[in-house]
Amino acid sequence: MALKKEDRRQNILSVLSERESINTQELASLMDVSLVTLRRDLRDLQKSGLVINGYGVVRAVNQETDPNSFFLKRLRLAREAKERIAEKAIEFVEENDVLFIDESTTCYVFALKLSRVFKKLHIITNGINILLALSKVQGFSVESSGGSLQYGFDSLIGPRAESLVGSIYANKFFFSCASLRKKIGTFELSPFSASIKRKMLLNSSTKILLVDNSKFDVIAPFKMAEIDEIDRVITEDRDFLPSEVI
């Protein structure tokens with residue numbers, strides 16, 4: 001039985017995690033698909049910032065396909081749920097919005113969808129992979145928070161990043177979390193991530209949390225947002241007001 005599109009693309013990334021590059025004809029043979037299908041998949045993966053495809057050779061974007069990459073491991077977790085969350089989240093975006101977007105893998109998937117739906121947005125992010133994915137999107141103004149690289153999270157953090165973010169006002173902040181605790185708020189695995197997200201939250205008008213159900217009531221040590229500071233929560237199942245988190 002033929003594989004689904006998402007399964008094919010995950011297989012492509014798995015092959016590239018073990019090889020620096022591969023000929024497209026050989027890759028098509030390994031995947032047991034036609035060149036037409038493979039090229040379609042590669043075109044979408046390249047738009048997503050995951051591969052470089054040209055002159056008959058496919059190369060991985062190293063940061064994404066490092067088998068030890070914490071970001072890649074997190075991206076693969078609940079990927080289908082993240083796609084559904086992102087689809088719902090774009091309904092709360094309008095052309096010309098000024099957006100803060102955090103470094104989370106859920107927001108990475110969300111950012112990819114933004115690039116396919118909107119023509120003009122102003123985005124400020126501390127996510128390295130989001131910057132790479134949006135770097136060639138015409139009509140988007142994309143700014144880095146600057147700062148120091150946080151190893152393993154592929155994010156920019158520290159006083160310089162927080163200073164820049166603190167000088168910008170966004171009308172919407174899209175973010176995820178390591179944990180959402182009922183009636184309490186969001187928590188992070190890193191104090192540095194919590195700190196810069198806090199700056200984004202305080203300097204934005206509308207705060208929208210994108211979180212899959214696996215993050216409810218798990219343990220993470222660093223508090224970021226109070227539950228009543230969040231305007232809307234979007235999961236793979238529904239979107240709702242924080243007061244409805246019971």
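Position one of the sequence shown corresponds to residue 1 (full-length UniProt numbering), numbered consecutively onward.
By construction, the Cβ of each residue, glycine as well, lies at the ideal position given by its N, Cα and C atoms.
For clarity, every value in this text was computed on a predicted model and none was experimentally measured.
Which residue wins for smallest C-alpha separation from glutamate 91, given the options Lys172, Gly147 and Lys182? Nearest option by C-alpha distance: Lys172.
Which ranges does the beta strand (DSSP E) cover as unbroken runs of at least 3 residues, wholly within the segment 140–195, from first to last along the chain? 140–144, 148–150, 155–157, 170–175, 179–181 and 185–188, all fully within the segment 140–195.
Which word fits aspartate 237, buried or exposed, when buried means at least 16 other C-beta atoms lie within 10 angstroms of its C-beta? Here aspartate 237 is exposed, its C-beta having fewer than 16 other C-beta atoms within 10 Å.
Determine the burial state of glutamine 150: buried for a count of at least 16 other Cβ atoms within 10 Å of its Cβ, exposed for fewer. Per the 10 Å Cβ criterion, buried.
In or out: threonine 235 buried (at least 16 other Cβ within 10 Å) or exposed? Classification for threonine 235: buried.
I need the straight-line Cα distance from glutamine 63 to glycine 152, nearest angstrom please. Only weak support exists for where glutamine 63 lies, its pLDDT of 48 falling under 50; the value from the coordinates is given anyway. Here the C-alpha atom of glutamine 63 lies approximately 10 Å from the C-alpha atom of glycine 152.
Would you decide whether asparagine 96 is buried or exposed? Buried here means 16 or more other CB atoms lie within 10 Å of its CB. So asparagine 96 ends up on the exposed side.
What are the boundary residues of the beta strand (DSSP E) that glutamate 226 is part of? That run of the beta strand (DSSP E) goes 222–226.
Buried/exposed call for glycine 166, threshold 16 Cβ in 10 Å: The Cβ neighbour count for glycine 166, taken over all protein chains shown within 10 Å, is under 16; the residue is labelled exposed.
Could you round the C-beta distance between methionine 200 and phenylalanine 100 to whole angstroms and report it? I think they count as a contact, below 8 Å. Going by Cβ atoms, the distance from methionine 200 to phenylalanine 100 rounds to 4 Å, so yes, they are a contact pair.
Minimum C-alpha distance to leucine 16 - residue among Glu83, Leu27 and Leu77: Checking every option, the nearest Cα to that of leucine 16 belongs to Leu27.
What is the DSSP secondary structure of threonine 106, reduced to helix, strand or coil? Threonine 106: helix per DSSP, three-state reduction.
Residue 247 by DSSP, collapsed to three states: which one? It is not possible to answer for residue 247, since the shown part of the chain is limited to 1 through 246.
Check valine 211 in the structure and name its three-state DSSP category. Looking at valine 211 - three-state DSSP - the assignment turns out to be coil, as it is neither helix nor strand.
Terminal residues of the continuous beta strand (DSSP E) containing leucine 99? Per DSSP, leucine 99 belongs to the beta strand (DSSP E) from 98–101.
Assign threonine 235 to one of three DSSP states: helix, strand, or coil. Looking at threonine 235 - three-state DSSP - the assignment turns out to be coil, as it is neither helix nor strand.
Element boundaries [alpha helix (DSSP H), containing isoleucine 130]: Where isoleucine 130 is concerned, the enclosing alpha helix (DSSP H) stretches over 128–134.
Nearest-angstrom Cβ-Cβ length linking isoleucine 230 and lysine 207, presumed shorter than 8 Å: Lysine 207 and isoleucine 230 do touch by the CB rule: their CB atoms are close to 5 Å apart, below 8 Å.
Quick check: leucine 209 and phenylalanine 175, are their CB atoms within less than 8 Å of each other? Result yes, Cβ atoms of leucine 209 and phenylalanine 175 sit closer than 8 Å.
Less than 8 Å separating the beta-carbons of threonine 125 and leucine 132? For threonine 125 and leucine 132, no; Cβs fall outside 8 Å.
Suppose you measure from the CA of threonine 105 to the CA of asparagine 129; what does that come to, to the nearest Å? In a straight line, the C-alpha of threonine 105 is about 9 Å away from that of asparagine 129.
Measuring CA to CA, which of Asn213, Leu189, Pro159 and Arg76 is closest to leucine 13? Nearest option by C-alpha distance: Arg76.
The beta strand (DSSP E) enclosing leucine 77, as first and last residue numbers: Per DSSP, leucine 77 is not a residue of any beta strand (DSSP E), being assigned neither H nor E.
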